[in-house]
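Q: Heads up: the sequence lines are chains A and B, in that order.
Counting along the first sequence from 1, when you hit position 22 you're at 139 in this note's numbering, and nothing is skipped either side.
Counting along the second sequence from 1, when you hit position 84 you're at 216 in this note's numbering, and nothing is skipped either side.
Just so you know, even glycine gets a beta-carbon here, dropped at the ideal spot from N, CA and C.
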Amino acid sequence: LAKTTQPISMDSYEGQEVNITCSHNNIATNDYITWYQQFPSQGPRFIIQGYKTKVTNEVASLFIPADRKSSTLSLPRVSLSDTAVYYCLVGAIKAAGNKLTFGGGTRVLVKP
Amino acid sequence: GAGVSQSPSNKVTEKGKDVELRCDPISGHTALYWYRQSLGQGLEFLIYFQGNSAPDKSGLPSDRFSAERTGGSVSTLTIQRTQQEDSAVYLCASQSGTAPKILTDTQYFGPGTRLTVL
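Written out as structure tokens, the structure reads:
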């Protein structure tokens with residue numbers, strides 16, 4: 118799987134937009150970009166996935182530039198409950214299963 | 133519907149003892165994964181089951197670790213002769229997809245089992 122680099126931590130305040138950028142310089146043609154969210158004492162939860170350009174769902178937006186060497190997860194108007202660790206993963210479709218490799222993630226702390 | 137469940141939620145054991153951790157995946161999901169997460173760290177892949185195929189054991193850290201999946205559903209992760217470095221949260225995830233969608237289909241994680249080896 119392509120190696121990813123993301124900030125260790127970020128602080129924000131309620132109502133602000135949080136943008137987390139993940140670098141994946143050696144992303145391959147068949148690789149998808151996936152973000153997971155993990156609250157304390159819980160397993161990770163899928164947030165969003167994309168291949169190129171922009172993807173938006175009810176939770177977040179994912180921006181992927183044309184060269185796909187980075188991606189930015191955007192959380193609009195965060196609340197205290199968005200405090201969590203956010204993981205960026207990059208991997209290809211393959212028949213042998215998807216053994217997700219999570220790095221350290223980005224710890225987002227939303228303050229009142 | 134019901135999500136992935138794991139038991140026990142917490143397990144404290146003495147060094148050298150064997151432990152069994154259980155995972156009940158989402159009904160109908162053909163793929164099942166075990167991961168380990170040490171305190172403040174990312175997830176470490178351990179083993180992967182897909183249907184009736186031979187499991188991918190490439191992530192198991194030693195021969196003290198083994199896992200089974202009976203009837204394509206419930207899975208048990210066994211750690212023999214536990215060591216203090218085995219202390220971690222053990223997470224199970226299930227996934228409905230098969231090749232070639234195995235990446236894009238979401239993995240659904242259970243709450244994990246926190247293992248403490250004294």
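1. Output the residue ranges of the beta strand (DSSP E) runs that lie fully inside the stretch 161-238 of chain B and measure 3 residues or longer, sorted by chain position.
2. Starting from A:F219, find everything on chain B with Cβ-Cβ shorter than 7 Å and list it in chain order.
3. Measuring CB atoms only, is the stretch 219-229 of chain A touching the stretch 198-207 of chain A, in the sense that at least three cross pairs come out at less than 8 Å?
4. List, in order along the chain, the chain B residues whose C-beta lies closer than 9 Å to that of A:Y204?
5. What are the boundary residues of the beta strand (DSSP E) that A:E175 is part of?
6. Given this structure, state the Cα-to-Cα distance separating A:S198 from A:E134, to the nearest angstrom.
7. Under the DSSP definition of a beta bridge, which residues are partnered with A:Y204?
8. Identify which residue in A:G132, A:N142, A:N143, A:S191 has its Cα closest to the Cα of A:A177.
9. Taking DSSP as the reference, what is the three-state secondary structure of A:D128?
10. Is the Cβ of A:P193 closer than 7 Å to any Cβ of chain B?
11. Just to confirm my understanding: we take A:L179, look at its own chain, exclude 5 residues before and 5 after, and list those with CB closer than 8 Å. What are they?
12. Provide the residue span of the beta strand (DSSP E) that contains A:G167, from first to last.
13. So, is A:G208 buried or exposed, given that buried needs 16 or more other C-beta atoms within 10 angstroms?
14. Does any residue of chain A have a CB that is nearer than 7 Å to the CB of B:L164?
15. Contact criterion: CB-CB distance below 7 Å. Does B:L223 meet it with respect to chain E?
A: A quick look at the data gives this:
1. 163-169, 175-182, 197-201, 207-211, 220-227
2. G174, L175
3. Enough Cβ pairs lie closer than 8 Å, so yes.
4. Chain B residues near A:Y204: G174, L175.
5. Note, A:E175: premise wrong, no beta strand (DSSP E); not H, not E.
6. 14 Å
7. A:Y204 is bridged to A:Y153.
8. A:S191
9. strand
10. no
11. I150, W152, I165, Q166, G167, K171, V172, T173, S188, T189, L190, S191
12. 162-167
13. buried
14. no
15. As a matter of chain content, chain E is missing from the structure shown, whose protein chains are A and B.
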